[in-house]
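For the sequence shown, the UniProt record's numbering assigns the number 1 to the initial residue and increments by one for each residue that follows.
Since the structure comes first, as C-alpha cells, the remarks are kept for the end.
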Amino acid sequence: MSTSSKISPVTGHYVTIDVEDVQYKVFYLENGEGQPLVCQHTAGCHNHQWRDLLEDEEITSRYRVIAYDLARHGKSDPPLNKEWWKEEYKLTADHFTAFIVAFCDALGLEEPIFMGSSFGGNVALQLALRHPDRFKAVIPVEGADYSPGFYLDWWQHPHANAAQVCASGVWDLMAPQSPDRDRWATWFYYTQGSEAFKGDLYFYSVDHDLRDRLGDIDGERCPVIMLTGEYDYLTTPEDGSRTAQQIRGGEFIEMKEIGHFPMSENYPRFAHYLKQALRRVDERTAK
C-alpha cells in the first residue's frame, strides 16, 4: 500500500426497520461522535452527497454525522415484504416522516438534529410540525412551504434517457462559482437515481404543502434554521425567507454563491453556513 493512501474513517452499515407494517433494509454511512446529526439526500439521489461532511474533522469531532439512503435509493432496497413492483411509487409526507422517525428509533438516537436538502428540506419542515419533541432541531436546506410544478411525466418516459434527463435537469441549479469537479460529481450522482426521481417529486411538488400550517410549527420548541442558496431557482431565497418568517422562532440564512446542491457542489462554502446554523442550534438549545 502506498504511504500516501488514506482509509476514510467513514463506515457503512445496514439496519432493518419497520414502517407502517412494511420492512426496509436501510443503508447508512456515519462518522464522528457526540450530538447526532441525521442527513437526508436530495430527491432521486443517495447519501454520497454528504461525503465531504462525513469527512469534515471539525464537525465530526463534535457530531455523529449519519447519512442514510432512503428506501429505493442508493444501497437501500425497496420494501422487503411487499410486492412493490405492482404499484407506482409516490412518496408521501406521511410515509416519509414515519420512515425517518423509525430510522432514528432503530439507531436509538436521542434528540438528533435533522438536516435534509431539497425534498429533504421540505420533510425537515414536516418533522418540525409533526414530531417537534423527537428532534433537537431541524435544518431545512433548499426547503420551503410549497414547491409546485416538478412532478412531471417526462422524468420517466420511454422516449427519454431517464438517467441523462434527471442528471442534466440538475445542472443549471448549481452556482457558476462551484468547482467544475464538484458540479460534474453531482451530475454523476444523479445518473444513478432516475428510477425513484419522479416518485420523490410527488412528495416535493404535490403532497408537501404547508402554506396554511406554518403557524402550527413551534420553532421555539424545535428550532428551525433554514439555509437556501443564492442560485436556487426551485426553492428560492425568497421562498426560504418567506417560510421562515411564518414559523414562530424560525430563522433563515441565505448562502451566497451556491445553488440547489450545496453539500456536493461546493462543500467548503456550504460548511461555512452549516457551522453558522449549528452554532445557532447550540445557542438556542443550551441547557
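Note that CB positions come from ideal geometry on N, CA and C, so glycine has one too.
Next on the checklist: Let me check understanding here. Comparing Cα to Cα, which of Ile-66, Ala-43, Val-19, His-46 lies closest to His-13?
Outcome noted: Ile-66
Item to check | Distance between Thr-285 and Arg-72 (C-alpha atoms, nearest Å) | outcome: 35 Å
Checklist entry - What is the rounded straight-line gap between the Cα of Lys-275 and the Cα of Val-123? => result 21 Å
Checklist entry - DSSP puts Ala-137 in a beta bridge; with which residues? => result Ile-113
Next on the checklist: DSSP three-state label for Asp-218, please.
Outcome noted: strand
Item to check | Stretch pair the stretch 171 to 189 + the stretch 259 to 279: three plus CB contacts closer than 8 Å | outcome: yes
Next on the checklist: Let's see if you can read the secondary structure: which residues bound the beta strand (DSSP E) around Asp-18?
Outcome noted: Where Asp-18 is concerned, the enclosing beta strand (DSSP E) stretches over 11 to 19.
Next on the checklist: Report the CB separation of Val-10 from Leu-107 in whole angstroms; it is logged as a contact under 8 Å.
Outcome noted: A Cβ-Cβ separation of about 16 Å leaves Val-10 out of contact with Leu-107 under the 8 Å criterion.
Next on the checklist: Here's a check: name, in chain order, each residue in its chain whose Cβ is nearer than 6 Å to the Cβ of Gly-219, leaving out the five neighbours to either side.
Outcome noted: Ile-247, Arg-248, Gly-249, Gly-250
Checklist entry - Looking only at its own chain, which residues have a Cβ that is under 7 Å from the Cβ of Ser-5, when we skip the five neighbours before and after it? => result none
Checklist entry - How big is the Cα-Cα spacing for Phe-270 and Met-255? => result 7 Å
Checklist entry - With burial defined as no fewer than 16 other Cβ atoms inside 10 Å of the residue's Cβ, what is the status of Lys-198: buried or exposed? => result By the Cβ-count criterion, Lys-198 is buried, with 16 or more other Cβ atoms from all chains shown falling within 10 Å of its own Cβ.
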